[in-house]
Amino acid sequence: MYLFDAGAIFNLVKKGYLKPLAVEATLDLAIYEALNAVWKEYYLSRRLDEETAKKLLSVMGRIFDVIAIANIRSEEKDVFELAVKEGLTIYDAAYLHYALRNKLLLVTDDVKLREKQSNT
């Protein structure tokens with residue numbers, strides 16, 4: 008099984024590749040990170056028009072209705088320690104920790120995070 012981070016979800020949705028997401032998992036924080044990615048592309052970089060941004064939000068809402076959503080509650084200390092040890096953000100460490108603990112392959116477009124996964 009695979010664990011998708013928000014960046015991978017956002018990029019797959021933008022490309023219209025939705026099927027892989029239906030049977031996989033992500034963390035609850037991916038919802039907010041993915042919404043933020045749409046906001047950045049719409050508001051900050053102006054790469055999306057309002058209609059396209061709203062369509063992306065709608066599609067992502069449906070994705071988050073079907074993808075398994077996990078959380079790291081009660082594992083905050085472990086996530087923090089991994090973030091410090093590996094020099095990652097808490098967000099990235101959360102994905103990496105969950106993937107490692109549950110023997111999942113982390114799907115990410117973040118090169119640094121991918122390297123950390125292969126080195127741990």
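Mapped onto our numbering, the consecutive letters of the sequence shown carry residue numbers 8 to 127. For glycine and all other residues, C-beta sits at the position ideal for the given N, C-alpha and C. These numbers come from a predicted model, not from an experiment.
Sequence-distant residues of the same chain with beta carbon closer than 7 angstroms to residue i, five excluded per side
i, result
"Leu107", "Thr127"
"Val20", "Leu63, Val66, Met67, Ile70"
Residue i, DSSP secondary structure in three states
i, result
"Ile16", "helix"
"Leu3", "Outside the shown range of the chain (8 to 127) lies residue 3, about which nothing can therefore be said."
"Leu95", "coil"
"Ile70", "helix"
Residue i versus residue j: straight-line alpha-carbon distance, rounded
i, j, result
"Glu83", "Met67", "26 angstroms"
"Glu93", "Gly23", "33 angstroms"
"Arg121", "His104", "13 angstroms"
"Leu111", "Ile74", "15 angstroms"
"Ala41", "Val91", "24 angstroms"
Spatially closest choice to residue i from the options, by CA coordinates
i, options, result
"Arg69", "Leu103, Tyr98, Leu25", "Leu25"
"Ala72", "Ala32, Val114, Met8", "Rather than Ala, the amino acid found at residue 72 in this sequence is Asp. Per the Cα distances, Ala32."
"Ala131", "Ile74, Ile76, Asn43", "With the chain covering 8 to 127 only, the question about residue 131 has no answer from this structure."
"Phe11", "Lys62, Ile76, Tyr49", "Ile76"
"Val45", "Asp35, Leu34, Glu58", "Glu58"
"Ala29", "Asp99, Tyr9, Asp116", "Tyr9"
"Ala15", "Ser125, Lys123, Thr115", "Thr115"
"Ser81", "Arg53, Phe17, Ala101, Ala37", "Ala101"
Nonlocal neighbours in the same chain, by C-beta distance under 8 angstroms from residue i, ignoring five residues either side
i, result
"Asp35", "Ile76, Ala77, Asn78"
"Asn18", "Asp116"
Legend entry - Residue ranges of each beta strand (DSSP E) within the stretch 18-56, 3 or longer: 32-34
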